[in-house]
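Anchor point for the sequence shown: position 45 equals 45 in UniProt numbering, and the numbering is continuous, going up by one each time.
For reference, the structure is listed below as structure tokens.
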Amino acid sequence: MSNERGGGMPLVMAGVGEESYIKRIKGKDETKNFLEKLGFVVGGKVMVVSKNNGNIIVNVKDSRVAISKEMAARVMI
């Protein structure tokens with residue numbers, strides 16, 4: 001399932017198994033750089049694998065990555 005919403009929404013709101021494209025990343029430069037190093041880049045595809053205990057596990061750039069819900073709230077899809 002692809003998310004094509006105009007205004008975007010935070011990754012934290014995506015459902016498990018939902019495939020989306022990153023529209024932008026909010027936050028300070030250091031936060032953006034950290035997420036970019038993990039593979040979260042504008043235009044990149046991301047899919048939520050699971051959500052639990054304050055963390056979200058996603059597939060991004062052929063890797064599985066766990067990030068906090070706070071970090072996921074900065075990734076707009």
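Each residue gets a CB set at the ideal place from its N, CA and C atoms; glycine is no exception.
Helix, strand or coil at G6 [DSSP, three-state]: Unreliable placement is indicated for G6, whose pLDDT of 49 sits below 50; no coordinate value is reported for it.
Beta-carbon gap between L35 and I77 smaller than 8 Å: no
Where N33 sits in the DSSP three-state scheme: helix
Contacting residues, own chain, Cβ-Cβ under 8 Å from G8 (five flanking each side not counted): K23, R24, M76 and I77
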